[in-house]
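K.L.:
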Amino acid sequence: MTYEGLLYEVDEGIATITLNRPEAMNALTPKMEADLHRAFDDADADKDVRVIIMTGAGAAFSAGYDQGAGDSGRKKTDPTGLTIAEYLEAWQRGDAKNVDKWGHMWKLGKPIIAAVNGWAMGGGFWYQLAADITIASDKAVFAQPEVRHVSNTTYLFTALCGWKNANRWALTGDHFDAEEAYRIGMINEIVPHDQLMEKARELAARIALVPEPAVRLNKAIAMQGIQASGVNAALILEGTLGAIAHSSHTEYREELFEKQRTDGVRAYLQMRDGPFQPEPMGPRSEKGRAAKKG
3 MTYEGLLYEV DEGIATITLN RPEAMNALTP KMEADLHRAF DDADADKDVR
53 VIIMTGAGAA FSAGYDQGAG DSGRKKTDPT GLTIAEYLEA WQRGDAKNVD
103 KWGHMWKLGK PIIAAVNGWA MGGGFWYQLA ADITIASDKA VFAQPEVRHV
153 SNTTYLFTAL CGWKNANRWA LTGDHFDAEE AYRIGMINEI VPHDQLMEKA
203 RELAARIALV PEPAVRLNKA IAMQGIQASG VNAALILEGT LGAIAHSSHT
253 EYREELFEKQ RTDGVRAYLQ MRDGPFQPEP MGPRSEKGRA AKKG
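Residue numbers (this note's numbering): 3 to 296.
1) Helix or strand or just coil, what does DSSP make of Val-152?
2) Helix, strand or coil for Met-3? Go by DSSP, reduced to three states.
3) Which residue or residues does DSSP assign as beta-bridge partners of Tyr-67?
4) Taking Cβ positions, are Ala-145 and Phe-127 nearer each other than 8 angstroms?
5) Considering only residues of the same chain and omitting the five flanking positions on each side of Trp-108, which have a CB-CB separation below 6 angstroms?
6) Going by the beta-carbon positions, is the gap between Arg-52 and Gly-15 smaller than 8 angstroms?
7) Does the beta-carbon of Trp-165 have 16 or more other beta-carbons within 10 angstroms, so that it is buried, or is it exposed?
8) Quick one: grab the DSSP three-state call for Ile-186.
9) I need the DSSP call for Val-51, collapsed to helix, strand or coil.
10) For Gly-83, does the count of other Cβ atoms within 10 angstroms reach 16, so buried, or fall short, so exposed?
11) Quick one: Cα of Leu-205 to Cα of Tyr-5, how far?
12) How many angstroms separate the CA atom of Ala-26 from the CA atom of Met-34?
13) Under a CB-based cut-off of 8 angstroms, is Glu-214 close to chain C?
14) Have a look at Gly-58 and Thr-136 and give me their C-alpha separation to the nearest angstrom.
15) Give a single yes or no on whether Gly-111 has its beta carbon closer than 7 angstroms to a heavy atom of the ligand GDP.
16) Alpha carbons only, please: which of Val-118, Gly-120, Ile-115 and Lys-99 is nearest the one belonging to Glu-240?
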């Protein structure tokens, strides 16, 4: 089995899916994301697999969705050449699919452990939220910086961490570290960076000791139960409000896009995120920079 931008390995009942675009911080392309879900299905269908671990190669779990231009040469979020109706349609169709992506993960009979090895931003942030269990390296950094260029958060964050915590981080796009993620209940455990996969596999092996029907049905009780309790309805609403957020193009965002067209993605990100530096936590915080110098 081959997948674009992914490594897939099965060993002792554990399927490890590694996002493998380290040169791009494992940013998700449409084909890569489709293959990720195909890999989930393949692992779920394999009788020898009991647990799935999802992680990233290099310094990032995933930096989110690829911000480069698509096959048309136009950035996905760029409305240039589109009517208002076409722009709204593109976002509505895309954002409405998010509930299906998370629902797909929750319907699998095999639990997914997200082993967050580094940067988990944007879409990568969302995937570790949707995983059944999340273990983070002490070098992990979390954020939704896309809100700074007019984008949406996800209700999953609120459902998991409460609205006070979700608002603190979703309304700024600020970075936060593994300790804060643990404090607000977003992750299960923090481990030393060089022990991340060892600890993830240890937990996966413990789950694999439990009879398969119990694992499958107890995961269903948790994940189908939380959907029935209202999370699914909230995610459907999120799809609509997210499309409105994404299509709320402003003069400032047009300036950002023009910066990317003329000077590239790095300049675009500097213009977007520069005013927020230093970040409260993580490598780009004052504490993180001091640690690097030390």
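We put the beta carbon where it would ideally sit given N, CA and C, even for glycine.
P.N.:
Taking the structure as given:
1) Residue 152 sits at position 150 when you count from the first residue of the sequence shown. If DSSP states are grouped into helix, strand and coil, Val-152 belongs with coil.
2) For the purposes of this step, residue 3 is taken as the residue at position 1 of the sequence shown. Here Met-3 carries a coil assignment [DSSP, helix/strand/coil].
3) Position 65 of the sequence shown, counted from the first residue, corresponds to residue 67. Answer by DSSP bridge pairing, in chain order: Leu-30.
4) Translated into positions along the sequence shown, residue 145 becomes position 143. Translated into positions along the sequence shown, residue 127 becomes position 125. For the pair Ala-145 and Phe-127, the CB atoms are nearer than the 8 angstroms cut-off.
5) One-based indexing of the sequence shown puts residue 108 at position 106. Cβ-Cβ distances below 6 angstroms link Trp-108 to Met-225 in the same chain, with the five nearest sequence neighbours on each side left out; the list follows chain order.
6) Counting from one through the sequence shown, the residue named residue 52 turns up at place 50. Counting from one through the sequence shown, the residue named residue 15 turns up at place 13. Yes, the pair counts as a contact, with Cβ atoms nearer than the cut-off.
7) On the sequence shown, position 163 is the one that residue 165 refers to. By the Cβ-count criterion, Trp-165 is exposed, with fewer than 16 other Cβ atoms from all chains shown falling within 10 Å of its own Cβ.
8) Position 184 of the sequence shown, counted from the start, is the residue given in the question as residue 186. Ile-186: coil per DSSP, three-state reduction.
9) Here residue 51 corresponds to residue number 49 of the sequence shown, with the count starting at 1. The three-state secondary structure of Val-51, taken from DSSP, is coil.
10) By 1-based counting over the sequence shown, the position of residue 83 is 81. Burial call: exposed.
11) Taking the sequence shown and counting its residues from 1, one reaches residue 205 at position 203. Taking the sequence shown and counting its residues from 1, one reaches residue 5 at position 3. Distance between the alpha carbons of Leu-205 and Tyr-5 is about 26 angstroms.
12) If you number the sequence shown from 1, residue 26 lands on position 24. If you number the sequence shown from 1, residue 34 lands on position 32. Taking the straight line from one Cα to the other gives about 13 angstroms.
13) In the structure shown, chain C cannot be found, because there is only a single protein chain.
14) Working through the sequence shown from its first residue, we reach residue 58 at position 56. Working through the sequence shown from its first residue, we reach residue 136 at position 134. Near 13 angstroms, if we compare the C-alpha coordinates of Thr-136 and Gly-58.
15) The ligand GDP is not part of this structure, which contains no ligands at all.
16) In the sequence shown, residue 240 corresponds to position 238, counting from 1. Nearest of Val-118, Gly-120, Ile-115 and Lys-99 to Glu-240, Cα basis: Lys-99.
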